[in-house]
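Enquirer: Dropping a structure here in structure tokens format, bear with me for questions.
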Amino acid sequence: MSIASLTDPITPQGGHTSFDNLDHWMQGRTLYGGASALIAYTAAVRAFADLPPLRAGQVAFVAPTGPEVELKREIVRQGRNVAQVRSEIWCEGKCTLSAFWLFGTTREPNATHPAARVSDWPGPPEEAEATMTGKGPAFIQNNFELRKAQDISGRGEPVVRRWARLADREGLDPVSELILLGDVLPPGAMRAMQRQGPISSINWSFNLLDTAPETRDGWWLSENASQHAAGGYSSERLRLWNAEGRQVLDGMQCVAIFG
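Numbering of the sequence shown is given in my numbering, commencing with residue 875 and proceeding in unit increments.
Printed below as a string of structure tokens:
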């Protein structure tokens, strides 16, 4: 099973962990960012079973991550309502991913303001045209289904929007599902690049707007939008909505633009 290859080897004890059959999760010479973030998150929640719901995450992609790792995690602080947990992936004696997870209980609200509905609604995923079939890196071809959610193509407004779902979601809780697919699209700055060249995610920070997200038939509307690109880097806003157009995740990312 595809998902099991990422999560089954992870134990509450952490430490040295070996992953098999990860070729279909690779992005060049490293593990796809969403997959490595899921490993770090799973290591945290399996080590500390009584954590409240996840509210936010900050993930730094430090160096390429391979199949032989050491998993480290610790509770930095745990209060009455909020727990903050650090988890790291180490390969060959060096840190390759560092993540900080914020968990928090639900409290009586003193402020209520729902996120705005998605603008430029592309229509339901069931009516959208498939895209990237047989194209792109191995992790997309083997693990995701993508469908068009915008009319533009090629250079133009630096926004990439697609319907996305995992081909195999069996046994995966909704929060882990969002972590796994939250980084699936290329940066919006891709549409502003003067020529083709490699790109690399450096970090990813996100807030969960719903601790128990739901959608229809596994489809999520994913959008990466470059807010500013210069000097070889792009500041990106990453958002996810469910199939009804309700936002469930709001994030930011720094991306290196080479070439």
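We put the beta carbon where it would ideally sit given N, CA and C, even for glycine.
Rounded to the nearest angstrom, what separates V936 and G888 at their Cα positions?
Expert: Distance between the alpha carbons of V936 and G888 is about 20 Å.
Enquirer: For V992, does the three-state DSSP call read helix, strand or coil?
Expert: coil
Enquirer: Excluding the 5 residues preceding and the 5 following W964 in the sequence, name in chain order all residues of the same chain whose CB lies nearer than 7 Å to its CB.
Expert: Within the same chain, W964 has close Cβ partners V943, E944, K946 and T970.
Enquirer: Which ranges would you report for the beta strand (DSSP E) in the segment 970-1046 if only whole runs of at least 3 residues count?
Expert: 1018-1022 and 1033-1040
Enquirer: Looking only at its chain, what residues have a beta carbon closer than 8 Å to the beta carbon of S1079, apart from the 5 residues adjacent to it on each side?
Expert: A930, G931, Q932, V933, G1125, M1126 and Q1127
Enquirer: How is I877 classed by DSSP in three states: helix, strand or coil?
Expert: helix
Enquirer: Between R1043 and chain B, is the shortest Cβ-Cβ distance under 8 Å, so that the two count as touching?
Expert: You won't find chain B in this structure, because it holds only one protein chain.
Enquirer: Tell me the DSSP secondary structure of M1064 in three-state form.
Expert: helix
Enquirer: Could you tell me the distance, in whole angstroms, from the CA atom of G1106 to the CA atom of M1064?
Expert: When rounded, the separation of the alpha-carbon atoms in G1106 and M1064 is 12 Å.
Enquirer: Can the beta-carbon of I877 be found closer than 8 Å to that of D1042?
Expert: Note that the C-beta distance between I877 and D1042 is below 8 Å.
Enquirer: Locate the beta strand (DSSP E) running through R1111, then write down its first and last residues.
Expert: Y1107 to N1116
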